[in-house]
Amino acid sequence: MKQNRSITLRRTAQIAFLGLFVLTILQATYPFRPWIPPELFLWADPLTALVTQISGRFFDPVFLIALLVLFSPFVFGRAFCGWICPLGTTIDISDRIIANKNYRSARKYRPLKTTILVTIILFALFGIQLSWYMDPLPILWRSLGVLGMSFFFLLTDTVLNGFFNAGIFPDTVLNIQDKISFALFPVATPRFLILFLPFFIILGILLLSKISRRFWCRNLCPLGALLGLISKFSPFQRVVNEEGCTSCSVCQKKCKMDAIEDDYYTTEKSECILCLNCRKDCPADAITYKFQSPKTMRSSTDLTRRSFIGAGAAALFGSGLFSLNVLDPSKTDRCIRPPGSLHEDDFMERCIRCGECVRICATSGGCLQMSFLETGLEGLLTPISKFRIGYCEYNCNLCGQICPTKAIQPLELEEKQKLKVGIALFLKDRCIPFKLHENCIVCEEHCPLPEKAIKLEEKEFTDPETGEIRMISYPYIDPDLCTGCGICENRCPLEGEAGIIVTREGEERF
Amino acid sequence: MDRRTFLKTSAIITGMSLVSDQHVFSKTQEPVSLVLVKDGSPAQMADKVFELLGGVSRFISKDDYVMVKPNLSWDRRPEYAATTNPELVSAVVTQCFKAGAKKVLIVDNTCNDARRSYKNCQIQEMASQAGADVRFVRDSHFVETDIPGGITIKRWPIHKEVFKVDKLINMPILKHHSLSQVTIGFKNMMGLVGGNRGRIHRPFPEKIVDINRVIIPQLTIVDAIKILRRNGPSGGNLKDVEELNTVIAGTDRVLVDAWSARIFGKDPNTLKYLKLAHDAGMGEIDTEKFKPVTFSYKS
C-alpha cells in the first residue's frame, strides 16, 4: 500500500505541474494581471537558459531559477523528467492510448539525444539558436498556448453559439461567453495562419511512442540528455535487494525508460526518471529507492567521439550555411516584428518560438502570427505582424511584457505608443480615393494617434465622363507621426490586399 | 425585497410623482418632441430630458425590453470624448428601469478590441451597476436583414436584438468625423451593423441612411457634454475636447441630428445624409422652424 501511495504522489505532482503549466498559459491574456509569471517554466528551463544566453551573448538574472532544475540531478537524477516536465506528463497520458509497450525497441537511438544537445550548444556558440526545435518546454508552450487555445476556443464558441442560435438559455450562454471573454480569450475566435507546423511537431512527438514508450524522452529530448549527464552523480537511486530478487524481469519489461540492464540490478541513471513504477511492480518487493554513494559508470548515452565529431561538423557547416544566407532574410518580405524587438540578428538568437507573444497578442489586437518561410528557414515560427489579420492595439504593450528571453524588450506603454515598427504607405493603384476618386477615409478614422498620422487633403475632382465636379478627401501619411500599428491596413475595406500597407521603412529596433 | 419588486415599486412611485407634477400636464396639448438641457450633472440632465419630454413612461412601458445604444467603440477613457458619457448612460438606464423596463441591453460593435473599449470607456461598469446587460457583440449575433427601400444597400447583417427589443434609445456622442463632418445619431447605428463596415463609407450618405431605414430608435439622446472638435471619431487628444455641457434629445432623429450639427457649428443643410434622410421622410431638418424646449441649470 505504501508503494502505491508514492505512485499516487508522483502522478499528483505530474498533474499539478501540468496544471501549473496550463495556468501560466491562461495567465497570458489581456487583461494582464498575472499572479504566476507566464514565463515561469521557460525561465526554469536550463536548456533555454543555457542556449539562449550563449547564442544571444547576454545574461539575465531571471534565468538563475533554471539552476534549480539544472542542479536537481545532483540529488534526484532525472526526477524532473518523471515528476515535473509537463511534456513528459503529456506523453505519459497519450502513451496510455498509443504507446508500443514492447520494452526493448529502438534502444540504439538513445545516444541521439546527447548528440542533439551537443549540436544545439555548438550552434549556440556560433550564435545560432536552435534549441526551439527540440526544447520540450517551448514546444509545449506553443502547442498548448497557441494551438490548444485555438482548439479550445473554437470548440466552446461553436457549442455556445449553437445553443445561442437555437435559443437554448441564450442569456446564460451570453453570460458564459462574456465571462470567458474576460478571463481567457478575445471576443472573436483567434485565428492563426500556420498552425499545421506546431501541430505536426507535437503530433510527431506523441506518435513516436508507437515505437516505444516515451520515445521522445529516451532518445531525442536534449533537456533530458542534459539532466541525464548530471544524473550520473545522483546519490538517490534504485537499489535492488539481491536476496529478494527472483530475476523475473518484470521491472525491466515495465520500465518506461528502458533504464534497467539485463542483470536487473544495474540502473542506467542517466535514463531513470524515478517514476517508481518498478518498485510498485516488483512481485518480490525487492526494489527500493534510497541514497547511496554514486558509482560513476559509463553510460550508453555518453557521447562517442564519433558523434561528437559529427555534431561539431554539423554545427560548423550548418552555421556556415546560415552565415552564407542573406543577412536578414526578413528584409526580403514585408515582415514587421513586434514593437520593442531587438535587431534582427539578436532577435533571431534569442527568440525561442514559445508563442507567448502570439498568444497574448491574440487576446488584444491580434496581429502577431508565427512566420512560415517569410523570415527564412532560420526564422521559422518567429513572430511577425500580419496586419490583414489583426493590428497592433494602441493601448497594448503586452508582447514585450511577456517575452521570456526579452527578444521583445519590455516597454512602458507611453514609449511603445511612440515606437515605430514601420510606416504605412498608400498603394495609390489600389486605394479607393486615388483609384476611384470616391471618399473613403476608413484608415484616417481608425488611426489611433492623437494627432492622426493619416491626414486628408480635400481636392476637386472632375469626372472625365460626366464632367461632374466633386470634392474628394485624398489621404496622406505624416511619416513622423505614423508608428506602423497597422490598423489602417487592417480596416481598409478593400478585399484582398489593402490600399494602405505598413512597410519596414523607419522601423526602430533595439 | 427582490429586484423585480423594487423596480415595480419604484415605477409606481415614479408614476405617482409624475402624476402629481403639474408641469407635465400644463403642456399636454402637444407632446414635446425636442429638448435641450444644459449645465447640469449628467444624471440631472438625463432626468430633466425625460421630464421635459413628458416623462420616461411616454417611451418605456412596463415590462419593455429596451436597447440602449451608446458609443463604446473606442479604447479611450471618457474624458477623451470618443465614447458616450458613462454617467449619462447609466442615468438613462436607471430611468428605463424606473418606468418598469424588464431588461435593458447595451451592445456596440466596437472599432478597437471590444474588451478594452468596453472597459476603458467605463460604460460597461457604470451601466451594469445601473442594472443593464452590457454584452459583447459576436459574429453569431448578426442576421442578414432585408432593407426595404434601400437605395444602395438591399441586404446587410444587422444585430438581431434590434428586431427583438420593444424600444431602442440611441445615445450617440457629438464628434468630429472627416467624412460626414460630424458624427451623431445616424452614424452611431453603425455599432449595430456587422459585415465589412468600411464598405458603408462608399457612398457614405446613401448607405448610412439605408442602414437607418431598418434600425429605428424611438428616442435619440445626444451626449454633447464633452464634444470632440478635431481628429474624430477616435480622438485621443484632450486639446481637441470642448466642454459644452449639453444634452439634446428628441423623437425625431433627423431633427436631433440637425440640431446637434448646428450646435457643433455645422449647417445641417450641408450634411448630405441629413438631406437624404429628410427627403426619405425620416424627419424634419429645418432648425429655424423647429426649436427645442430648452432648460439650463445655470439660469
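First to last, the sequence lines map onto chains A and B. One point on numbering: in our numbering, the residue at position 432 of the first sequence is 429, and numbering is uninterrupted. One point on numbering: in our numbering, the residue at position 244 of the second sequence is 257, and numbering is uninterrupted. Think of the CB as a built atom: it goes at the ideal place given N, C-alpha and C, for glycine as much as any other residue. Predicted model, so just to flag it, every value in this text is computed and none were measured.
Residue closest to residue i, alpha-carbon to alpha-carbon, out of the options
{"i": "threonine 379(A)", "options": "Cys364(A), Val59(A), Leu273(A), Cys351(A)", "result": "Cys351(A)"}
{"i": "isoleucine 405(A)", "options": "Thr5(A), Ser267(A), Val355(A)", "result": "Val355(A)"}
{"i": "arginine 13(B)", "options": "Ala237(B), Lys200(B), Gly204(B), Thr283(B)", "result": "It is not possible to answer for residue 13(B), since the shown part of chain B is limited to 14 through 312."}
{"i": "isoleucine 33(A)", "options": "Phe384(A), Leu446(A), Ile399(A)", "result": "Ile399(A)"}
{"i": "serine 338(A)", "options": "Gly317(A), Thr372(A), Pro407(A), Ile270(A)", "result": "Pro407(A)"}
{"i": "leucine 509(A)", "options": "Leu424(A), Val439(A), Gly419(A)", "result": "This structure cannot settle anything about residue 509(A), because the visible part of chain A is limited to -2 through 507."}
{"i": "threonine 96(B)", "options": "Lys132(B), Phe63(B), Lys111(B)", "result": "Lys132(B)"}
{"i": "glutamate 505(A)", "options": "Thr112(A), Pro335(A), Leu395(A)", "result": "Pro335(A)"}
{"i": "alanine 180(A)", "options": "Cys485(A), Pro401(A), Ile357(A)", "result": "Ile357(A)"}
{"i": "phenylalanine 189(A)", "options": "Ser368(A), Arg7(A), Ser209(A)", "result": "Ser368(A)"}
{"i": "threonine 186(A)", "options": "Phe196(A), Phe60(A), Cys279(A), Phe149(A)", "result": "Phe149(A)"}
{"i": "serine 69(A)", "options": "Cys82(A), Cys389(A), Arg302(A), Asp57(A)", "result": "Cys82(A)"}
{"i": "methionine 48(B)", "options": "Glu64(B), Pro170(B), Ala56(B), Lys116(B)", "result": "Per the sequence shown, residue 48(B) should be read as valine rather than methionine. The candidate whose alpha carbon is nearest that of valine 48(B) is Glu64(B)."}
{"i": "glycine 363(A)", "options": "Ser382(A), Gln126(A), Ile474(A)", "result": "Ser382(A)"}
{"i": "tyrosine 473(A)", "options": "Thr459(A), Cys389(A), Gly159(A), Val439(A)", "result": "Val439(A)"}
Own chain residues within Cβ distance below 7 Å of residue i, not counting five before or after
{"i": "aspartate 126(B)", "result": "Asp88"}
{"i": "glutamine 35(B)", "result": "Bear in mind that the predicted position of glutamine 35(B) carries a pLDDT of just 41, short of 50, making it unreliable; the figure below should be weighed with that in mind. There are no such residues."}
{"i": "phenylalanine 123(A)", "result": "Ala312, Ser316"}
{"i": "leucine 44(A)", "result": "Ser128, Asp132, Pro219, Leu220, Leu223"}
{"i": "proline 167(A)", "result": "Phe161"}
{"i": "arginine 275(B)", "result": "Pro281, Thr300"}
{"i": "leucine 37(A)", "result": "Thr21"}
Under the three-state DSSP convention, the category residue i falls into
{"i": "glutamate 504(A)", "result": "coil"}
{"i": "asparagine 282(B)", "result": "helix"}
{"i": "alanine 6(B)", "result": "Any property of residue 6(B) remains undetermined from this structure, which presents chain B solely from 14 to 312."}
{"i": "glutamate 301(B)", "result": "coil"}
{"i": "proline 70(A)", "result": "helix"}
{"i": "glycine 229(B)", "result": "According to the sequence shown, residue 229(B) is isoleucine rather than glycine. Residue state, collapsed to three classes: coil."}
{"i": "phenylalanine 182(A)", "result": "coil"}
{"i": "glycine 376(A)", "result": "helix"}
{"i": "arginine 2(A)", "result": "helix"}
{"i": "valine 37(B)", "result": "The pLDDT assigned to valine 37(B) is 41, lower than 50, so where the model puts this residue is not dependable; a value taken from the coordinates is nonetheless given after this. Helix, per DSSP."}
{"i": "serine 247(B)", "result": "coil"}
{"i": "leucine 289(B)", "result": "helix"}
{"i": "isoleucine 510(A)", "result": "What the structure shows of chain A is the stretch from -2 to 507, and residue 510(A) is not part of that stretch, so it cannot be assessed."}
{"i": "valine 306(B)", "result": "strand"}
{"i": "glutamate 494(A)", "result": "coil"}
{"i": "valine 32(B)", "result": "For valine 32(B), the pLDDT reaches just 46, beneath the cut-off of 50, and the residue's location in the model is therefore unreliable, leaving the point undetermined."}
{"i": "methionine 367(A)", "result": "strand"}
{"i": "lysine 176(A)", "result": "helix"}
{"i": "glycine 67(B)", "result": "coil"}
{"i": "valine 156(A)", "result": "helix"}
{"i": "serine 316(A)", "result": "helix"}
{"i": "alanine 143(B)", "result": "coil"}
{"i": "glutamine 249(A)", "result": "helix"}
{"i": "methionine 80(B)", "result": "strand"}
{"i": "histidine 154(B)", "result": "helix"}
{"i": "glycine 16(A)", "result": "helix"}
{"i": "tryptophan 129(A)", "result": "helix"}
{"i": "valine 178(B)", "result": "coil"}
{"i": "tyrosine 93(B)", "result": "helix"}
Residues near residue i in its chain [Cβ-Cβ closer than 8 Å; skip 5 each side]
{"i": "glutamate 455(A)", "result": "Met468, Ile469, Ser470, Tyr471"}
{"i": "valine 267(B)", "result": "Leu287, Ala290, His291, Met295, Gly296, Glu297, Ile298"}
{"i": "lysine 85(A)", "result": "As written in the sequence, residue 85(A) is glycine, which differs from the lysine given in the question. Cβ within range, chain order: Gln11, Cys78, Gly79, Pro133, Arg211, Cys214, Ile270."}
{"i": "lysine 432(A)", "result": "Lys425, Asp426, Gly496"}
{"i": "alanine 167(B)", "result": "One point to set straight first is that residue 167(B) is lysine, not alanine, in the sequence displayed. Excluding sequence neighbours, lysine 167(B) sits near Asp159, Ile160."}
Chain E contact for residue i (CB, 8 Å cutoff)
{"i": "phenylalanine 155(B)", "result": "Reference to chain E is not applicable here, since the protein chains of this structure are A and B."}
Sequence-distant residues of its chain with Cβ nearer than 6 Å to residue i (five each side left out)
{"i": "alanine 283(A)", "result": "Val237, Asn238, Gly241, Cys242"}
{"i": "phenylalanine 507(A)", "result": "Leu339, Gln406"}
{"i": "proline 476(A)", "result": "Ile420"}
{"i": "phenylalanine 423(A)", "result": "Ile497"}
{"i": "leucine 137(A)", "result": "Pro83, Leu84"}
Bridge partners - residue i, DSSP secondary structure assignment
{"i": "methionine 468(A)", "result": "Glu457(A)"}
{"i": "threonine 196(B)", "result": "Lys188(B)"}
{"i": "alanine 421(A)", "result": "Val499(A)"}
State whether the segment 13 to 20 of chain A contacts the segment 183 to 203 of chain A, with contact taken as three or more CB pairs (one from each stretch) at a distance under 8 Å. The segment 13 to 20 of chain A, when compared against the segment 183 to 203 of chain A, does not touch it at the 8 Å Cβ threshold.
Does the pairing of the segment 76 to 94 of chain B with the segment 117 to 125 of chain B give three or more beta-carbon distances under 8 Å? Flag = yes, the segment 76 to 94 of chain B and the segment 117 to 125 of chain B touch.
How do the segment 230 to 244 of chain B and the segment 167 to 187 of chain B stand: do at least 3 beta-carbon pairs fall below 8 Å, yes or no? Because the criterion of three Cβ pairs below 8 Å is met, the segment 230 to 244 of chain B and the segment 167 to 187 of chain B touch.
Indicate whether the contact test is met: 3 or more Cβ pairs, each with one atom in the segment 479 to 487 of chain A and one in the segment 444 to 455 of chain A, closer than 8 Å. As far as the Cβ criterion goes, the segment 479 to 487 of chain A touches the segment 444 to 455 of chain A, which means the pair count is three or higher.
Mind the definition here: the segment 97 to 112 of chain B touches the segment 240 to 247 of chain B only if three or more C-beta pairs lie below 8 Å; say whether that holds. Output reads no: the segment 240 to 247 of chain B does not touch the segment 97 to 112 of chain B.
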